[in-house]
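Using the numbering used here, the first residue of the sequence shown is number 12, and each one after it goes up by one. Note that CB positions come from ideal geometry on N, CA and C, so glycine has one too. Remarks on the structure that follows.
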Amino acid sequence: MNEQSYHEFTGLELSPRKVDYLKFILEKGGTVKTTEISAGLQVDPSTTTKTLNELASAGYLNHVPYRGVDLTEMGEAYTQFLIRRHRILSLLLTHYGLSSEEACSEVSRFEAFVSRDAVNKICSSMGHPMFGVCGEISHERCLYEEKHD
12 MNEQSYHEFT GLELSPRKVD YLKFILEKGG TVKTTEISAG LQVDPSTTTK
62 TLNELASAGY LNHVPYRGVD LTEMGEAYTQ FLIRRHRILS LLLTHYGLSS
112 EEACSEVSRF EAFVSRDAVN KICSSMGHPM FGVCGEISHE RCLYEEKHD
């Protein structure tokens, strides 16, 4: 995904459920079968197929019927942001007394409503932490934007 198209997303484009789909697919890696997604997210297969078609139409996925799905370049970049957002917000909540588990759980309930701009500002105010409660935090895009704004 080139820098110009990356600048076009706010982080608010997808519903919380579609965010779950992308994160699940990234976590599994490679091509993921529809049945595996249905089982993993506990969603009816017909709903899974419909959602995957919507994500593919929007450019986040390559969907090959009866084979499965994988992330497009745009889907990969967007999902990496979703992971980064989760980790930064979880770390933020631990600074206010929540345990790692509590922070991760709480963030999962509202993260889809926090913009990329807000996440970048939070990240910057925290000194661009390298590790969160859920894992390593990447900063390539955040630091790029900070230097070029």
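In this structure, the alpha-carbon of Lys34 lies about 12 Å from that of Leu66. Per the C-alpha coordinates, the member of Glu24, Ser136, Arg28 and Val43 positioned closest to Ile99 is Ser136.
DSSP, read as helix, strand or coil, puts Phe20 in coil. Counting only runs of 4 or more residues that sit fully inside the region 63–94, no alpha helix (DSSP H) segment turns up.
A distance below 7 Å between beta-carbons, with the five flanking residues on each side excluded, links Ala114 to the following residues of its chain, in chain order: Ser101, Leu104, Thr105 and Val144. Apart from sequence neighbours up to five positions away, the residues of its chain that approach Leu109 with a beta-carbon distance below 8 Å are Glu117, ordered along the chain. Thr45 is a Cβ neighbour of Thr60, given a cutoff of 7 Å.
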